[in-house]
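In our numbering, the protein residues as written are 602 to 862. Beta carbons: idealized from backbone N, C-alpha and C, even for Gly.
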């Protein structure tokens with residue numbers, strides 16, 4: 602239950618909205634407003650739209666948003682970087698600190714954020730420092746990308762390599778300027794560069810063949826995240842790879858020319 606509609610109202614990404622809409626057969630506007638879940642007034646307090654007041658169970662628990670699944674841990678996007686906290690308002694946090702159960706929970710969360718894919722952090726929770734216990738910082742651009750290198754290079758080996766940009770070192774050179782998300786779709790590996798206004802695909806989907814389904818899924822993801830503020834695009838496509846794209850749906854343009862010394 603919430604006393605007001607503030608930062609602690611659960612937030613959802615565009616992808617999560619689409620997933621929940623398909624599950625519930627409801628348009629996202631029914632259960633969300635902007636990036637937040639809707640709240641309903643009940644006994645002078647507000648409850649999440651997915652909370653059943655009769656049994657206090659979540660009706661989308663198996664598919665609940667990432668912020669809900671992560672709680673009582675909190676993922677915060679701050680000016681200085683990404684940070685993970687624990688919310689001191691949760692009894693589990695205050696009652697188990699210093700115990701093996703607490704150590705195991707923190708170790709599990711730390712391991713998750715050292716994985717190859719880091720979910721999007723939607724909110725800066727740092728103004729609520731009095732309610733939070735700082736745990737650790739997250740570096741999705743450096744350590745996470747480096748750990749994904751073997752997987753990326755495996756897919757690069759099976760892809761067309763006619764332009765020099767098709768090399769891990771070229772991607773890694775941008776680690777301080779963009780976030781990175783690596784996702785496997787329909788047998789292709791898709792490498793997104795992300796920033797606040799959205800994301801774009803650094804290379805065409807990697808694999809022996811470019812999957813039209815993967816291309817479609819990538820553009821859908823990029824358009825959903827950009828909300829009209831950017832251009833959904835795939836960079837570093839060679840002339841030979843253009844045949845994989847339907848010209849009636851996608852517009853190619855020259856960004857630059859390959860060169861050698």
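Taking only the alpha-carbon atoms, compute the straight-line gap between residue i and residue j and give it to the nearest angstrom.
i	j	result
residue 762	residue 803	14 angstroms
residue 737	residue 843	43 angstroms
residue 835	residue 713	28 angstroms
residue 765	residue 859	8 angstroms
residue 664	residue 857	43 angstroms
residue 824	residue 818	10 angstroms
residue 839	residue 806	12 angstroms
residue 640	residue 728	22 angstroms
residue 647	residue 852	47 angstroms
residue 687	residue 674	4 angstroms
In or out: residue i buried (at least 16 other Cβ within 10 Å) or exposed?
i	result
residue 815	buried
residue 789	buried
residue 854	exposed
residue 702	exposed
residue 746	buried
Would residue i and residue j be called neighbours here (beta carbons separated by less than 7 angstroms)?
i	j	result
residue 734	residue 689	yes
residue 608	residue 694	no
residue 779	residue 796	yes
residue 618	residue 629	yes
residue 708	residue 683	no
residue 667	residue 720	yes
Shortest alpha-carbon distance to residue i belongs to which of the options?
i	options	result
residue 545	684, 822, 649	Here the chain covers residues 602 to 862 and nothing more, so residue 545 does not appear.
residue 820	808, 846, 668, 728	846
residue 755	775, 791, 740, 730	791
residue 799	786, 808, 809, 827	827
Can you give, in chain order, each stretch of the alpha helix (DSSP H) that sits fully within the region 722 to 766 and has at least 4 residues? Runs of the alpha helix (DSSP H) inside the region 722 to 766: 744 to 748, 750 to 758.
Please give me, in chain order, every unbroken run of the alpha helix (DSSP H) with length at least 4 that falls completely inside the region 609 to 687. 615 to 625, 629 to 632, 667 to 671
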